[in-house]
Structure formats: structure tokens, C-alpha cells
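Structure record follows, encoded as C-alpha cells.
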Amino acid sequence: MARKIVFTRDATGLIREVSIKDAFMIVFSLVIGGGILFLSVQALQPGYFPGANLSVSYLLGLVFVLPLYMVYAIFSRAMPRSGGDYIFVSRVLGPGWGFVASWGVWISTLLTMGILAFQSVSFLSYFVMLYGLYSWNLNFVGWAIWLTDPIWGIILGVVLVLVLGGILMASVRTSLWLIRILFLIPIFGALATVWILFTRSPMDMLFAWNTIFGWGTTTTNIFGAFGDLFRVAFMVPVQYWYLLTYANSLSGSTSATLAAVIVAMFALGGGYSLSIIGGEVRDTRRTFYIAMVGSIILIALLYVGLLYPLQSNWGAFIQMYAYLTYTKDPLFGMLWWSLPQFGGGLSWLSGWGSMLSKDTLQYWVMYGGWFYAGKLPTPFPASIPLFAAPLAGLNWLGLFIVFAGLLWLINAIIPMLFTTSRYVFAWSFDRVVPTKLSVLNERTTTPIYAIGLSMLVAIIGIFLCSVSTIQAAINAVFLGIASIILTVIAGILFNRRRKDIAERTYNPKIGKVPLLLICGLISAIFAVPLILGALVTFTMESFVVIILVYLIGAAIYFYMRRRNRKAGIDLAEIFRSIPPD
134 MARKIVFTRD
144 ATGLIREVSI
154 KDAFMIVFSL
164 VIGGGILFLS
174 VQALQPGYFP
184 GANLSVSYLL
194 GLVFVLPLYM
204 VYAIFSRAMP
214 RSGGDYIFVS
224 RVLGPGWGFV
234 ASWGVWISTL
244 LTMGILAFQS
254 VSFLSYFVML
264 YGLYSWNLNF
274 VGWAIWLTDP
284 IWGIILGVVL
294 VLVLGGILMA
304 SVRTSLWLIR
314 ILFLIPIFGA
324 LATVWILFTR
334 SPMDMLFAWN
344 TIFGWGTTTT
354 NIFGAFGDLF
364 RVAFMVPVQY
374 WYLLTYANSL
384 SGSTSATLAA
394 VIVAMFALGG
404 GYSLSIIGGE
414 VRDTRRTFYI
424 AMVGSIILIA
434 LLYVGLLYPL
444 QSNWGAFIQM
454 YAYLTYTKDP
464 LFGMLWWSLP
474 QFGGGLSWLS
484 GWGSMLSKDT
494 LQYWVMYGGW
504 FYAGKLPTPF
514 PASIPLFAAP
524 LAGLNWLGLF
534 IVFAGLLWLI
544 NAIIPMLFTT
554 SRYVFAWSFD
564 RVVPTKLSVL
574 NERTTTPIYA
584 IGLSMLVAII
594 GIFLCSVSTI
604 QAAINAVFLG
614 IASIILTVIA
624 GILFNRRRKD
634 IAERTYNPKI
644 GKVPLLLICG
654 LISAIFAVPL
664 ILGALVTFTM
674 ESFVVIILVY
684 LIGAAIYFYM
694 RRRNRKAGID
704 LAEIFRSIPP
714 D
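All you need for our numbering is the position in the sequence shown, starting with 1, plus 133.
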């Protein structure tokens, strides 16, 4: 009697091409991005976590995520298959739980990719502006203004997803080489940024900022462009920043620091996505511990190296700037783009409420379509490269720091498409979604349909995150929390519910207690402040979106379960075993 094939086929067909070095770089690329470069300093704005001690928040975030990374590393070592936490949860708690939870992570990751792809144009705009000032070319400054239009964030983001996704479709090996190249350049940029921040004093920002944005020639403002920002922050109709700052100082920073851990968790998260490509990792004995657990410690140290000197020396300036971008006051946009100039003095124009240079008026006339369309250029959002580049100077090092930030965002796209497509592949291999999605291209041995579907959702995410970047990030965290919690529960129950798998796979113990159980219990305790911290900025719109996403996932699962039953396929048999290699 012939054996009945339960899975889509007897073998996945995927090739184990990811080395330890590749996995290490993939984790760095997945983790380092908007969470540290943008959201860390933007978290100081009103409505989020003003007054927070970011270094402490990120250290607490490391403490919270370490046991969680251990849960994923142990599970990945025990079941190194494509699908990661989908496999862990579905084999321990049940297929429905596994699919719906991983469905949330899939959407979450692609939303995050949309954030990074969309925000990359901000770094490009800043880089073009600095290069224009460095080369004394007015056209580049005008182009930088055009790039502030959100439409360019959408265009650049879509192009990046299409190009990098196409490369991944064509060859995993080529994509891994691209990840290596894009990793080495920004890591040197990150180290250069840490060095700049630790070797500059608080007063250096005033001189560095004005060297780029102008000292002015009037005696009314001896602090130049640096002082102009504070003047706008104290003006009507901007909402009295100094009063809010005083109110925040009275309330203390402890609660804000604890609440900001949610941002740190977002910035430190994502590295456990390496487990999703477990079926393509070569050395499954060491890779998950070295790449996931080891990397996240190094990344957290890098984060603190960036945040501690930045906030210690220029915290008030950063909080003020974050506040100005938060208000979205048009006067601030006009002011910000009036500052880059070529030796011209700042002049006060009565009625505009902003300081404008003659050079600025020239390139606003050159690019008069802004006024015709009723638009004003928006200022560059608060970020670490925004503040670090002036401290490095208007030279190749300052340009390199901004360029490195741009590459950090771009380099996250390939690993995110890599991991999210393997979710789709694993679902299809288990017949939870149509089997067509697990088909491999015969020449490239890549799941082109799974990659294509992930690219499509990522492009939708680019459009969605153009509305509110930080809220999109918080929504992404919430969408991923369900899978994290269920993976932790699966780790706690693994030895009890799946003793058959635990006895024949990797199952380390401390004494007689499974290490997976210990790490799972610690992670469960730490999950409480994560959820409470996220609730601080939760909105009804977010709640509706998240419920809708999970309802769609549940509908897909129940539809496919019914369809498989009608076809005579025993899903229970699938989830009693680990998928083949």
C-alpha cells in the first residue's frame, strides 16, 4: 500500500546556504534601522515619552528580550525548519494558534518594512542637502526640498521593495552577498557616529549646527540657526514648548523611561526572525545562539553607545526639535529649509514668523511648484544622524554618517522579505494556504510566489505608514505580541505537551528543569510591562486595525481547513510531526 503524502511534498527543496557569518549579519540588518535611528529620539516628543532616559530604557529592553531570544534560539535548535515560531506554536499548541499568530507577525514585519522603506527618503533628502552645501550647488538643495514630499517616500520605498525583492527571487546567494556588502559599510558608519558623539562637548552642537545652517548677520540673534529653532519653539502658534517641558520635569522621568521600553523592544526586536529561515541555516548547533543571543547583546551596547552621549550632552535640544516636528507647524517647515544657505544672512520677514535667507527665496522661486500646489516643505524628522552629522562637520565624514543611516534602512528590506516569504512557504507546505505558494523556481530554487506575495503586502504597508510612522511602528509591535506570547507559552508547555519531540530533539536542562521552561517563564513575566507600555499610546483606530488583521487570518485558516477536509487531507497528521528538510 502506497504511503499517503501529507505535506505538499516529501522535501522542501530549499538549500541550506546561510552560514554563521551570514546569520550574524542578517540579525544586525533585521534589528538596526528605524527603531534606533528614528524612533529612539522621536519617542521624546509630547504624546509619547517626553523626559525618558533612553539609555536606561534600552538597557531594560535588553534585559526583557534576552530570555525571549533564548526561547527562540532553543526552539530553533530543536526544530530548525522554515517557519520558525509558526512551527513551534503549531506543533505544541495547535495549527490554528500557529497560523493566526504568525499571520500577525507576517503583517507586522511587512508594516515595519514599509516604515523603513518610506523613511529612507528622509535620509536621502538630508544627504542630498548636505552634499549641496558641501559642493556649493544650489540645485541639490532644491532637489532635497522636493524629496520631502511624501510621494517620494512612497516612490522610493516601492522601488526598493521591487528591486531587492527581485534580487531575492533571482538568487538567495546573491542576496546574501548584497547583505554582507550593505552590512559592512553602515557598521563602520555606526562606529564613527559613536566616536563623534563621545568626543564632542555640549557647546559643540551650537557651533556645528550653525556651521552648516548659518550664523546669520544680525545682532538680534547671536546664536544663529541653533538659536532660531529655540525662538520658534517659544513662539505662538507653536504650543509653548517651554511650558510643556516644565510640566514634564515636574512629573518626573521614571514613568516615561519605563513606558519607553516599548520603543526599545521594537528597536531590539526582529532578530528572532532568523528562526523563520531555520530550514536554510547550515550549522544549526551554534548559529542560533551566536547570531540571535550574541548579536542582540552587541546591538544593545551599540545602541547605548549612541544614545547615552547624545541625550546627556544635547537632550534639551533633541527634545525641543522632536517637539517642533511633532507640532507639524508650517512655520517650522519654512524655517528649517531657510537655514541651508551659501554665506547669506538670515533676515526677519514680518508676518511670516520665520527667518528666511535670500538664497532660500531663490530656490523656492526655482521650485515654485510647491506654492502652486499649496505645499510647504517639511523639516527632516528627528534622528540620530540628523544630530551626529553636523558634529562631524560639513565634510566626507558627516556625509558618510548620513549615508550609513540610509543603508541601515535599505539593508533591512532583503532579510525581511527573506523571512516573511518563508512564513508563506511554511504555511503552504503544511497546506494552511494554497500549495501554489510553496512552489520553487526550478532554476533559482526560491519560492517566487511566496516572495511576490510578501512584496505586495510590503508595498501596501508603505502607503499605510505614510500617515503616521511612529503609530505604525506601535501597531506593528502589537501585531507581533500575540506570536511572542504564544511562542513563550509553547516553550513553557513543550516538554509536557510534546514529550515525543522533546525526547528526540535538542532539549537542554538545568538540573532536571528544561532551560526552555525557565526562559519561557521569565519571558512571560517580562511580557506584562511590554503590553502595559504599549497601551500608553494605543488608539481605537489601532485596536480596530489589529482586530481586523487577526479576523482575516482566522477566516483564511478556517476556510483552508474546511477545504482540506473536503479533499480528504488529514491536517492532524501534519501537525503531529515536524516538517521534513
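For every residue, glycine included, the Cβ atom is placed at its ideal position computed from N, Cα and C.
TODO: Determine the extent of the alpha helix (DSSP H) in which PRO319 is found, giving its start and end residues.
DONE: 305–331
Open item on the list: For ILE726, report the span of its alpha helix (DSSP H) as first-last.
Closed with: Outside the shown range of the chain, which is 134 to 714, sits residue 726, and nothing can be said about it.
Open item on the list: What ranges does the alpha helix (DSSP H) occupy inside the region 673–700, keeping only unbroken runs of at least 4 residues that lie completely in it?
Closed with: 673–699
TODO: State the DSSP-derived secondary structure class of LYS642, mapped to helix, strand or coil.
DONE: strand
Open item on the list: Mapping the DSSP letters down to three states, classify ILE410 as helix, strand or coil.
Closed with: strand
- [ ] Tell me whether PRO200 sits in a helix, a strand or coil according to DSSP, three-state version.
- [x] helix
Task: Residue closest to MET246, alpha-carbon to alpha-carbon, out of ALA591, ALA424, TRP560 - done: ALA591
Open item on the list: Does VAL431 pass the burial test, meaning 16 or more other C-beta atoms within 10 Å, or should it be called exposed?
Closed with: In the sequence under discussion, the amino acid at residue 431 is Leu, which differs from the Val named in the question. The residue in question, LEU431, is exposed, as its Cβ has fewer than 16 Cβ neighbours within 10 Å.
TODO: Could you say which of LEU170, SER516, VAL296, ALA156 lies nearest to GLY412 if we only look at CA atoms?
DONE: ALA156
Open item on the list: With a threshold of 8 Å, are at least 3 pairs of Cβ atoms found where one atom belongs to the region 437–445 and the other to the region 322–331?
Closed with: yes
Open item on the list: Within 8 Å, do at least three Cβ pairs link the region 220–235 to the region 417–434?
Closed with: no
Open item on the list: Relative to the C-alpha of ALA747, which candidate in ASP218, LEU317, THR141 has its C-alpha closest?
Closed with: Outside the modelled stretch of the chain, which goes from 134 to 714, sits residue 747, for which no answer is possible.
Open item on the list: Checking 8 Å against the spacing of the C-beta atoms, do SER304 and THR577 come in under that value?
Closed with: yes
- [ ] Determine, using beta carbons only, whether VAL294 and ILE584 come nearer to each other than 8 Å.
- [x] no
Open item on the list: So, with DSSP's three-state summary, where would you put SER710?
Closed with: coil
Task: Nearest to TRP529 (by Cα), restricted to the options GLY265, GLY644, GLY166 - done: GLY265
Task: Cutoff 8 Å; reference LEU163; Cβ partners in own chain excluding five residues on either side - done: GLY403, GLY404, SER406, LEU407, ALA545, PRO548, MET549, THR552
Task: ARG149, DSSP secondary structure in three states - done: coil
TODO: Using a threshold of 8 Å, state whether the C-beta atoms of ALA745 and MET262 are closer than that.
DONE: As shown, the chain starts at 134 and ends at 714. That puts residue 745 outside it, with no answer to give.
Task: Helix, strand or coil at SER516 [DSSP, three-state] - done: coil
Task: Segment limits, alpha helix (DSSP H) that includes GLN175 - done: 172–175
Open item on the list: Whole angstroms are fine: how far does the CA of VAL414 sit from the CA of PRO523?
Closed with: 41 Å
Open item on the list: With a threshold of 8 Å on Cβ separation, who are the neighbours of LYS569 within its own chain once the five nearest residues in sequence on each side are excluded?
Closed with: SER561, TYR582
Task: Nearest residue (CA-CA) to PRO641, options GLY227, ARG210, LEU201, ASN270 - done: ARG210
TODO: Kindly indicate which residue of PHE367, TRP342, ALA366 has the alpha-carbon position closest to the one of ALA358.
DONE: TRP342
Task: Residues near GLY484 by beta carbon distance below 7 Å, same chain, minus five either side - done: Summary for GLY484: the model assigns pLDDT 31, below 50, so the residue's position carries little reliability; its value from the coordinates is reported in the next sentence. Excluding sequence neighbours, GLY484 sits near nothing in its chain.
Task: Span of the alpha helix (DSSP H) around SER253 - done: 228–268
TODO: Flag this pair as touching only if the region 623–630 and the region 216–233 have three or more C-beta atom pairs under 8 Å; answer yes or no.
DONE: yes
Open item on the list: For VAL296 and PHE340, I'd like the C-alpha separation in whole angstroms.
Closed with: 41 Å
Open item on the list: Taking 6 Å as the limit between beta carbons, can you name the residues of its chain near THR390, skipping five residues before and five after?
Closed with: ALA185, ASN186, VAL189, SER190
Task: Where the alpha helix (DSSP H) through VAL557 begins and ends - done: 546–562
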